Amino acid sequence: TTNKHTEAPLKQSSLSSTGEMFPLSDVIEAQQFDRNLLSRIFEVARLMEVLEKGADAQNILKGYLMATLFYEPSTRTRLSFESAMKRLGGEVLTTENAREFSSAAKGETLEDTIRTVEGYSDIIVLRHFDSGAARQAAAAATIPVINAGDGPGQHPTQALLDVYTIMREIGRLDDIKVGLVGDLANGRTVRSLAYLLGKYSGIKLYFVAPDVVKMKDDIKEYLTSKNVEWEESSDLMDVASKCDVIYQTRIQRERFGDRTDLYAEARGKFIIDKSLMQRLQSHAVVLHPLPRLDEITVDVDSDHRAAYFRQAKNGLYIRMALLKLLLVGW
Amino acid sequence: TTNKHTEAPLKQSSLSSTGEMFPLSDVIEAQQFDRNLLSRIFEVARLMEVLEKGADAQNILKGYLMATLFYEPSTRTRLSFESAMKRLGGEVLTTENAREFSSAAKGETLEDTIRTVEGYSDIIVLRHFDSGAARQAAAAATIPVINAGDGPGQHPTQALLDVYTIMREIGRLDDIKVGLVGDLANGRTVRSLAYLLGKYSGIKLYFVAPDVVKMKDDIKEYLTSKNVEWEESSDLMDVASKCDVIYQTRIQRERFGDRTDLYAEARGKFIIDKSLMQRLQSHAVVLHPLPRLDEITVDVDSDHRAAYFRQAKNGLYIRMALLKLLLVGW
Amino acid sequence: TTNKHTEAPLKQSSLSSTGEMFPLSDVIEAQQFDRNLLSRIFEVARLMEVLEKGADAQNILKGYLMATLFYEPSTRTRLSFESAMKRLGGEVLTTENAREFSSAAKGETLEDTIRTVEGYSDIIVLRHFDSGAARQAAAAATIPVINAGDGPGQHPTQALLDVYTIMREIGRLDDIKVGLVGDLANGRTVRSLAYLLGKYSGIKLYFVAPDVVKMKDDIKEYLTSKNVEWEESSDLMDVASKCDVIYQTRIQRERFGDRTDLYAEARGKFIIDKSLMQRLQSHAVVLHPLPRLDEITVDVDSDHRAAYFRQAKNGLYIRMALLKLLLVGW
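Chains as they are written, first to last, in the numbering used here: chain H, 1 to 330; chain P, 331 to 660; chain V, 661 to 990.
Okay, structure coming up:
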């Protein structure tokens, strides 16, 4: 991929930039990241934790404009990106419900919208309801595009923040045991996480899912090809006692249509509560991409091993790192 | 209450801060404010009038991020808070219709939303449809929360700006006569104003309301307990001739359901027009929380005693003051 | 018109301001601009192209606040104005759907809304569904108002950017031939452009429109009175071969009601495609106000004479220029 920095502001105001370019011109999918690149991004994210509210951070992207082009609302993701940009001193143009925006409603193509919006900004964060929309937008754009979720497709910044959280909480990414729990069939989060963990060694994955939403074969085959051990289990207590990380997910009601009986059964099956926390090792953590319903009971929140709000916060650091890297390089 | 400043930006950039902490960590209800605190806040608001558009103001909250989390739209209140933050050099993350936001729609609790959003910002301004939501949010948050109206509950910054406007227009808060007119049963504005005036001495209140929306007994009893004189009247002309302040309010159609006859009768009953202004003393003023329909005729606007747009502007100064005080102290 | 600069920020931070005031206090309609004023505005817009992303630009409106008050969504126009303000270092208060905003929904007049919002900002950009709303707002406001489209009325910044684009692409505004194509009856864009071109000499206009949406007599009579030659044609190929500029527009489905047969016929009649581009002179350009449907085929986009995305970008420079001029003068 060619780099799209050519239209950058005249005055380079980043204190910390080395001038080395970031190898990606867009962030579209988890598959773009290898171990080494993840490791270097995580170092920048770690630096962002330190800089977060400092005056130095606010010079890094001073003068840059990010457009958040959201064709479906996702306030959590939008606020995380916008906070990241503003913590770095950049500015934001917001479109919260671009689907209803007059141009799209009048039948304008995504490419035309991108070619217009790129004239008003330096980087585009796109959320779309169609799988593949981010790749399509990146192909049309001469400025960087970040995929903030494209329907059933990819949500790469979520995948990166999940892996970053494991590294921050456990201290390593090799030789860990991770239990993936809940809706493993439809959750793009767990699918991407399993994919990225395939890049590390000594990984053991446990899949704990209701029958109707089991992990699909494509991921199982990929993991086997990468020498990642995995097994399916229906004993969450047992899995919890063995793992470094329990990654819980929400059972998505919208996947069940009229089968509310199946939904109710699936939803109640694997709950993380205080009794489960007693089986969890003292160094282990519970993650969740949020929002949660009752698949983690609220009395677990005060346990220091409940890491899901720290995980949400890590989304900020990952997005600060990616915005900096795409706009001003390393 | 403990103070929540611990996560403040590393570099304190307020020129005018004395280092003395503000005694409140959140602004939830009018009851938190006593005479002395109101007086000190009003001094800061007065300073904000002077600083409003100056370069100095823009350093006070430089580097701080405010999240406006609005579960129901209220553009006037939102713009007032966002203008206040930006006049002080701070930045804003906006959510205009958080009720429909995917997380809330998916069943996320307010507490979980707050614990996520506090990771992206330094202060949260919450508008909610449920009474008590602001208190609940403040309990969950480790950063300051300001209540921008929680349903039939409280709207404390409106109450403060009303009292501030009386002080600015009349020059004092003791020994004044105030006529409260219109919907006194449902208007949280007039209820809060009556409550705060109970803290001053020599106050006389007149209640002028259609029968169906009279002032409720709880406020009357509170005023009596505070030695505030009050009386009910249906002679607006007479009341206008005696008062320092006439506080007009809108009759809220939505309170009448199908009884459009009752609404029409109530709405037309007490109108402030040019003939009424002739009875008003020359130093007296007319206030209104806005928006108004026809309960004040537009030909009154050019009268210098029509103070309702100055009152709306005072909302900016009160909010600038509260944002500064909650984030960097006195 | 009197100038509304009285409430400007205390510290004048524009590096480039000469202190000479802009002759207009509001931008409401194309009729406000004569040749000389257009020429001077275009010089500022040209400077904005150079400054666009530089650090100097970011000091020009530092400390100023623009409110975008949009009673109907128009994301393209809103983002263009907001980008312009932010590139100049200013800040923005956004209202994307003010029609549903509680105050308007409760029956507040536009004048009352303006008198409130002007307390929170330094300039108002208004989009409204009613013709004449911008003029009404400007009359009520003590700060500058820019019309960003008022229903079937005016959209003067679009008219200015169209003329600016012709000057930038062709190098002159006198002695040019322009073909106006598509919906000439309802498109306020082409009507305003024809009006402004009437101020230049040696202009020849060709009108190429389906029968149901022909150019109306008022514009034809105006052009004749200004000694502008015009003729109607149904031979787009022939017109394309003669013109310096082909200005294509979208046939607006919403104008046809139930007559989908008429819409289909009108829509397919005058398409700009590769074969048409072969007839176009090498120095000529194709413009379009966007969004487009299929009235210009996408394979034309890569032709250097396809200038519509450059035209959209020029909207940024024109708006930067107008914001600067209205707020800090020449």
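Ideal Cβ positions, reconstructed from N, Cα and C, are used throughout, including at glycine. Bear in mind the structure is a predicted one, so any value in this text is a computation, not a measurement.
task: Tell me, please, whether the CB atom of aspartate 56 of chain H is closer than 8 Å to any CB atom in chain V?
output: Counting from one through the first sequence, the residue named residue 56 of chain H turns up at place 56. Contact of aspartate 56 of chain H with chain V is not assigned, every C-beta pair being separated by 8 Å or more.
Just by C-beta distance, which residues in the stretch 723–744 of chain V are closer than 8 Å to chain P? For the stretch 723–744 of chain V, the set of residues with a beta-carbon nearer than 8 Å to any beta-carbon of chain P comprises Gly723, Leu725 and Ala727, in chain order.
What is the residue span of the alpha helix (DSSP H) that asparagine 644 of chain P lies within?
-> As a first step, residue 644 of chain P is located in the second sequence; it is residue number 314 there, counting from the start. For asparagine 644 of chain P, the enclosing alpha helix (DSSP H) starts and ends at 638–658.
Open item on the list: So that I know if they touch, is there some Cβ in chain V lying closer than 8 Å to that of threonine 348 of chain P?
Closed with: By one-based count along the second sequence, residue 348 of chain P stands at place 18. It does not; no Cβ of chain V falls within 8 Å.
| Closer than 8 Å to chain H by CB, glycine 437 of chain P | Here residue 437 of chain P refers to the residue found at position 107 of the second sequence. Output row for glycine 437 of chain P: interface = yes.
Task: Proximity to proline 152 of chain H [Cα-Cα], best of H/Arg292, H/Ala138 and H/Phe129 - done: For this step, residue 152 of chain H is matched to residue 152 along the first sequence. Answer by Cα proximity: H/Phe129.
Based on Cα-Cα distance, which residue from H/Ser225, H/Gly179, H/Asp56 and H/Leu161 lies nearest to aspartate 235 of chain H? What you label residue 235 of chain H is simply residue 235 of the first sequence in a count that begins at 1. Nearest C-alpha to aspartate 235 of chain H: H/Gly179.
**Asked** Can you tell me whether asparagine 227 of chain H is buried or exposed, with buried defined as 16 or more other CB within 10 angstroms of its CB?
**Response** For the purposes of this step, residue 227 of chain H is taken as residue 227 along the first sequence, with counting starting at 1. By the 10 Å Cβ count, asparagine 227 of chain H comes out exposed.
- prompt: Quick one: what does DSSP say tyrosine 222 of chain H is sitting in, helix, strand or coil?
  reply: Mapped onto the first sequence, residue 222 of chain H falls at position 222. Helix, per DSSP.
- Message: Going by C-alpha to C-alpha distance, which of V/Asp921, V/Val868 and V/Ser885 sits closest to methionine 897 of chain V?
- Response: Sequence index remark: in the third sequence, residue 897 of chain V carries index 237 (1-based). Check the Cα spacing between methionine 897 of chain V and each of V/Asp921, V/Val868 and V/Ser885: the tightest is with V/Val868.
Quick check on the burial criterion: 16 or more other C-beta atoms within 10 angstroms. Buried or exposed for serine 131 of chain H? Numbered from its first residue, the first sequence carries residue 131 of chain H at position 131. It is exposed - the Cβ of serine 131 of chain H has fewer than 16 other Cβ atoms within 10 Å.
When the Cβ atoms of the stretch 932–951 of chain V are set against those of the stretch 678–690 of chain V, are three or more pairs found closer than 8 Å? Because the criterion of three Cβ pairs below 8 Å is not met, the stretch 932–951 of chain V and the stretch 678–690 of chain V do not touch.
- Query: Using a Cβ cut-off of 7 Å, which residues of the stretch 942–975 of chain V contact any Cβ in chain H, in chain order?
  - Reply: For the stretch 942–975 of chain V, which is checked against every Cβ of chain H, the residues closer than 7 Å are Leu950, Pro951, Arg952, Leu953, Phe969, Ala972 and Lys973.
Scan the stretch 439–451 of chain P for residues whose Cβ lies nearer than 7 Å to a Cβ of chain H and list them as they occur along the chain. Within the stretch 439–451 of chain P, the residues whose Cβ lies closer than 7 Å to some Cβ of chain H are Asp442, Arg445, Thr446, Val447, Gly449, Tyr450 and Ser451, listed in chain order.
Would lysine 713 of chain V pass as an interface residue toward chain H - the criterion being a Cβ-Cβ separation below 8 Å?
Position 53 of the third sequence, counting from 1, holds the residue named residue 713 of chain V. Chain H contact via Cβ: present.
Notebook entry, point to check: Among the residues of its own chain, which have a CB less than 6 Å from the CB of aspartate 294 of chain H, if the five just before and after it don't count?
Noted result: As a first step, residue 294 of chain H is located in the first sequence; it is residue number 294 there, counting from the start. None.
Which residues share a DSSP beta bridge with methionine 150 of chain H? Taking the first residue of the first sequence as position 1, residue 150 of chain H is located at position 150. Per the sequence presented here, residue 150 of chain H reads as aspartate, with methionine not at that position. Note: aspartate 150 of chain H sits in a beta bridge opposite H/His128.
* Asked: In whole angstroms, what separates the C-alpha of arginine 457 of chain P from that of valine 422 of chain P?
  -> As a working mapping, residue 457 of chain P is identified with position 127 in the second sequence. As a working mapping, residue 422 of chain P is identified with position 92 in the second sequence. Answer to the nearest angstrom: the Cα atoms are 15 Å apart.
### Task
Report the residues of the stretch 238–250 of chain H with a CB closer than 9 Å to any CB of chain P, ordered along the chain.
The residues in question are Arg250.
For threonine 94 of chain H, which residues in chain P fall below 8 Å Cβ to Cβ? Here residue 94 of chain H corresponds to residue number 94 of the first sequence, with the count starting at 1. Chain P residues near threonine 94 of chain H: Thr424.
(request) Quick one: grab the DSSP three-state call for leucine 395 of chain P. (result) Start at 1 with the first residue of the second sequence, and residue 395 of chain P comes out as number 65. Look at leucine 395 of chain P here: in three-state DSSP terms it is strand.
Discussion item. List, from N- to C-terminal side, the beta strand (DSSP E) runs of 3 residues or more that fit wholly inside the stretch 200–267 of chain H.
Written reply: Whole beta strand (DSSP E) segments, 3+ residues: 204–208, 229–232 and 245–248.
Could you check the C-alpha separation between cysteine 903 of chain V and glutamate 925 of chain V for me, to the nearest Å? Taking the third sequence and counting its residues from 1, the one referred to as residue 903 of chain V is at position 243. Taking the third sequence and counting its residues from 1, the one referred to as residue 925 of chain V is at position 265. Roughly 25 Å between the two C-alpha positions.
- request: Under 7 Å between beta-carbons, which chain H residues line up against alanine 428 of chain P? List them in chain order, please.
  value: Indexing the second sequence from 1 puts residue 428 of chain P at position 98. What alanine 428 of chain P touches in chain H: Thr75.
*asked:* Could you compute how far the alpha carbon of leucine 940 of chain V sits from the alpha carbon of alanine 900 of chain V?
replied: Position 280 of the third sequence, counted from the first residue, corresponds to residue 940 of chain V. Position 240 of the third sequence, counted from the first residue, corresponds to residue 900 of chain V. A direct Cα-to-Cα measurement between leucine 940 of chain V and alanine 900 of chain V gives close to 5 Å.
Cutting at 8 Å between CB atoms, please list the residues of its own chain near threonine 755 of chain V, excluding the five before and the five after it. Start at 1 with the first residue of the third sequence, and residue 755 of chain V comes out as number 95. Within the same chain, threonine 755 of chain V has close Cβ partners Ala727, Thr728, Leu729, Phe730 and Phe761.
Buried or exposed, going by whether 16 or more other CB atoms sit within 10 Å of the CB of glutamine 31 of chain H?
The count along the first sequence starts at 1 and reaches residue 31 of chain H at position 31. Glutamine 31 of chain H comes out exposed.
* Candidates V/Tyr923, V/Asp782, V/Arg795 and V/His964: which alpha carbon is nearest glutamine 938 of chain V's? -> As a first step, residue 938 of chain V must be located in the third sequence, where it is residue number 278. The shortest C-alpha separation from glutamine 938 of chain V is found at V/His964.
| request: Go ahead and label arginine 758 of chain V buried or exposed: buried means 16 or more other beta carbons lie within 10 angstroms of its beta carbon, across all protein chains shown. | output: Residue mapping note: residue 758 of chain V aligns to position 98 of the third sequence, counting from 1. In the sequence under discussion, the amino acid at residue 758 of chain V is alanine, which differs from the arginine named in the question. Counting Cβ neighbours within 10 Å, alanine 758 of chain V comes out buried, since at least 16 surround it.
Can you find a CB in chain H that lies within less than 8 Å of the CB of leucine 653 of chain P?
The sequence position of residue 653 of chain P within the second sequence is 323, counting from 1. Taking 8 Å as the CB threshold, leucine 653 of chain P stays off the interface with chain H.
- Task: Please go through the same chain and pick out, in chain order, the residues whose beta-carbon is closer than 8 Å to the beta-carbon of proline 621 of chain P, but skip the five residues on each side of it.
- Result: The residue given as residue 621 of chain P occupies position 291 in the second sequence. Cβ within range, chain order: Arg406 and Arg580.
Self-check item: C-beta atoms of isoleucine 784 of chain V and alanine 797 of chain V nearer than 8 Å
Solution: Counting from one through the third sequence, the residue named residue 784 of chain V turns up at place 124. Counting from one through the third sequence, the residue named residue 797 of chain V turns up at place 137. Yes, the pair counts as a contact, with Cβ atoms nearer than the cut-off.
query: Can you give the beta carbon distance from methionine 48 of chain H to alanine 321 of chain H, rounded, assuming they're within the 8 Å contact cut?
result: Along the first sequence, read from residue 1 onward, the residue named residue 48 of chain H stands at position 48. Along the first sequence, read from residue 1 onward, the residue named residue 321 of chain H stands at position 321. At roughly 6 Å, the Cβ-Cβ gap stays under 8 Å, so methionine 48 of chain H and alanine 321 of chain H are in contact.
Bridge partners - leucine 51 of chain H, DSSP secondary structure assignment: Sequence index remark: in the first sequence, residue 51 of chain H carries index 51 (1-based). None; leucine 51 of chain H has no bridge partner.
| request: Note down the Cα distance separating serine 121 of chain H from lysine 177 of chain H, rounded to an integer number of angstroms. | output: Along the first sequence, read from residue 1 onward, the residue named residue 121 of chain H stands at position 121. Along the first sequence, read from residue 1 onward, the residue named residue 177 of chain H stands at position 177. Their Cα atoms are separated by approximately 42 Å.
| task | Can you tell me which of the three DSSP states threonine 957 of chain V falls into? | result | Sequence index remark: in the third sequence, residue 957 of chain V carries index 297 (1-based). Here threonine 957 of chain V sits in coil by DSSP.
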